[in-house]
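Beneath this line is the structure, given in structure tokens, with notes to follow.
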Amino acid sequence: MENSIKEDKLLRGGQFLVKETKAEDVFTPEDFTEEQKMMRDSVKEFVDREIWPKKEEFEKKNYALTEEVMGKAGELGFLGVAVPEEYDGLGMGFVSTMLVCDYISGATGSIATAFGAHTGIGTLPILLYGNEEQRKKYIPKLATGEWFGAYCLTEPGAGSDANSGKTKAELTDDGKNYKINGQKMWISNAGFASVFIVFARIQDDKNITGFIVEYDKENPNGITFGEEEKKLGIHASSTRQVFFNDTVVSAENMLSERGNGFKIAMNALNVGRIKLAAASLEAQRRVTDVAVKYANDRVQFKTPIAKFGAIKSKLAEMATSAWVGEAASYRAAKNIEDRINLRLEAGASHSDAELKTFEEYAIECSILKVACSEDVQNCSDEGIQVLGGMGFSADTPMESAWRDARIARIYEGTNEINRMLAVGMLIKKAMKGHVDLLGPAQAVGEELTGIPSMDKPDFNELFAEEKDMIKKLKKVFLMVAGRAVQKFGQDLEEHQQLLMAASDILIEAYMAESGILRAEKNVKRFGEDSQKEQIAMARLYLYHAVDIVNQKAKEGIASFAEGDEQRMMLMGLKRFTKYDRMPNVVELRNTIAEKLTSENKYCF
């Protein structure tokens, strides 16, 4: 009975678009357990001791320091948070996994990348797809940091089109081994990894196959490396080309089944995407911290610049993007954790429970990857601007934060790929009957052709208008995407600009709703007076979301509708993006900024 109640309250992947979510049913950072708070604090203490004071060394490309810090993280159990106890991990839930990834990633992108590559795509393919013998052999060493992992998928001619790789795996005459030949590039952790997840094609198979390949400096087995790449950011993240020349791998080290590599690669990236969102959060908090402190200390025209409206605006927007990113990331993380637990309780194995769940929430994973990676770039850019000339100087942490942030929009699938994936996967779910888009889309169509209600809604209750606006933003997506599907059918995937415009509508609806729900839940339990800044952030984010939705929907409508149909859809768009009471944006920003400057830090 308890399971069925949980099941009723837990939305499946993508259902947020067509089903109402109540504030009491979302998880927020204010819901962290005491154990999770202790874990968060221990990670922060570790970062402040081992990483933040050595930031200059990371910028000097000290790869040995990255390896050393990763080893210490392994000793403290941080590398094994998501690993079951039977494989020497901590066996904690997905929210805790996100939390550790979040707080360990904010001081330098070099550690964020090394940590993410090792714990995610370097370890999870074995944990989720490996057989028991493979798990017992490799996972304990990876969980404790005795060995480090790397992931060899990308090739010079195979980036976003991952399944087009040319690396070959040829079975030896005795049938006991494979010989791997090929070239991989942009391999994170390549300089110190002992285990490589390598994707190669057997004969002329349609799909690639995964292999677990060990590396020993004393016996390189045909594995050689290019020089460390010269990169814009993440300077101390070891990134090299890896070459395989008749590298002998036991047939027993095939990961899962022959031809299953593309599926392994894609599902590993789903996990990586939401964890990358988490890895973008602490960086925003730290950048905001530095900006607030500088703005309070820097005096111009006999006044701290924190008192100037132009600076208040920047600080408020920086904090708002971080706060909403937290809300959305941990909302999705708890949905994932709960769904995994439901599957485990129903008798699924650990690997099956996780695999099916991450596949189910692939839409949310892509949404979060795009939103948070772009927010951390904007945040660091504004951080430089607040510091002015000092922000451009390598003597302050802003310029390295800006450079490090840039990679987040590229790896784990470019943001363009993820935008198209989010909408494409949602439409596929609808066609399979997993998410009912057709009924709500038809209802929106009928609303467009019907007579608008003249009744004035009652928006006196807190967040009543904001929640109504969220519903309307979802209608905009259903209107645009629904008509596009009708018009183009299976050919919709060829209309990439339209897909990307629809995706931005979807992203803004999810992120804005997450902020509103977080604020509403906290008002209900902590009181409205104590949450005025959080209320302001939720409203400020929504205000921007409405503008973005309006712009992207117009772009989409103009690209495929003409005449009366276009006029009708544009009238509907105007109705769906109209405030009854427009928020005072300057007042919202001032409320947020004054809290930040009075606390002299990111304080939410």
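In the UniProt record's numbering, the protein residues as written are 1 to 604. C-beta: ideal position from N, C-alpha, C; glycine also.
Task: Residues sharing a beta bridge with residue 199, DSSP - done: 210
Task: Helix, strand or coil at residue 244 [DSSP, three-state] - done: strand
- [ ] Assign residue 179 to one of three DSSP states: helix, strand, or coil.
- [x] strand
Task: Rounded distance between the beta-carbons of residue 116 and residue 426, thought under 8 Å - done: Actually they do not touch by this definition, with Cβ atoms about 26 Å apart.
Task: Local Cβ density within 10 Å of residue 407, reported as buried at 16 or more and exposed below that - done: buried
Task: Burial state of residue 388, where buried means 16 or more other Cβ atoms lie within 10 Å - done: exposed
TODO: On a CA-only basis, which of 200, 459 and 354 is nearest residue 262? Give me that one, please.
DONE: 200
Task: Where residue 537 sits in the DSSP three-state scheme - done: helix
Open item on the list: I'd like to check one pair, residue 150 with residue 112: are the Cβ atoms closer than 8 Å?
Closed with: no
- [ ] Would you decide whether residue 232 is buried or exposed? Buried here means 16 or more other CB atoms lie within 10 Å of its CB.
- [x] exposed
- [ ] Flag this pair as yes or no: are the beta carbons of residue 183 and residue 156 separated by less than 8 Å?
- [x] yes
- [ ] Under 8 Å by Cβ, that's how I've got residue 223 and residue 242 pegged, so tell me the actual separation to the nearest angstrom.
- [x] 7 Å
- [ ] State the beta-bridge partners of residue 239 as determined by DSSP.
- [x] 188
Open item on the list: Am I right that residue 228 and residue 240 are in contact with their C-beta atoms under 8 Å? What's the rounded C-beta distance?
Closed with: 6 Å
TODO: Check whether the Cβ atoms of residue 605 and residue 328 lie closer than 8 Å to each other.
DONE: This structure gives no information on residue 605, because the portion of the chain shown stretches from 1 to 604.
Open item on the list: From the DSSP secondary-structure annotation, give me the bridge partner or partners of residue 150.
Closed with: 196
TODO: Verify the contact flag: residue 353, CB atom, against every heavy atom of the ligand COA, threshold strictly below 7 Å.
DONE: The model on display carries no ligand, and the ligand COA is accordingly not part of it.
Open item on the list: At 4 residues or longer, what runs of the alpha helix (DSSP H) sit wholly inside the stretch 231-314?
Closed with: 261-279 and 281-297
Open item on the list: I need the straight-line Cα distance from residue 462 to residue 353, nearest angstrom please.
Closed with: 39 Å
TODO: Have a look at 148, 591, 294 and 169 and flag the residue whose alpha-carbon is nearest the alpha-carbon of residue 397.
DONE: 294
- [ ] Tell me, please, whether the stretch 580-592 touches the stretch 304-321 by the rule of three or more beta-carbon pairs shorter than 8 Å.
- [x] yes
Task: Where residue 525 falls, given that 16 or more other Cβ within 10 Å makes a residue buried - done: exposed
TODO: Identify the continuous alpha helix (DSSP H) that holds residue 113 and give its terminal residues.
DONE: 109-116
Open item on the list: I believe residue 40 touches residue 46 by the beta-carbon criterion, under 8 Å. Please report the beta-carbon distance rounded to the nearest angstrom.
Closed with: With 8 Å as the limit, residue 40 and residue 46 do not qualify as a contact, their Cβ atoms being about 11 Å apart.
Task: Helix, strand or coil at residue 410 [DSSP, three-state] - done: coil
Task: CB of residue 237 within 8 Å of CB of residue 177, strictly - done: no
Task: Distance between residue 225 and residue 198 (C-alpha atoms, nearest Å) - done: 14 Å
Open item on the list: Less than 8 Å between the beta carbons of residue 43 and residue 78, yes or no?
Closed with: yes
Open item on the list: Give me, in chain order, the residues of the same chain whose beta-carbon lies closer than 6 Å to that of residue 268; leave out the 5 immediate sequence neighbours on both sides.
Closed with: 121, 124 and 125
Open item on the list: Per DSSP, what are the beta-bridge partners of residue 158 in this structure?
Closed with: 155
Task: For residue 16, the three-state DSSP class (helix, strand or coil) - done: helix
- [ ] Determine the contact status of residue 320 and residue 541, defining contact as a CB-CB distance below 8 Å.
- [x] yes
TODO: Might you give, ordered along the chain, the residues of its own chain that have their beta carbon closer than 8 Å to the beta carbon of residue 394, omitting 5 neighbours on each side?
DONE: 59 and 400
Task: With 16 other Cβ atoms within 10 Å as the buried cut-off, status of residue 596 - done: buried
- [ ] Would you mind sorting residue 451 into buried or exposed? The rule is 16 or more other CB atoms within 10 Å of its CB.
- [x] exposed
- [ ] Go through its chain and collect everything with a Cβ distance to residue 405's Cβ below 6 Å, but skip five positions before and after it.
- [x] 376, 377 and 380
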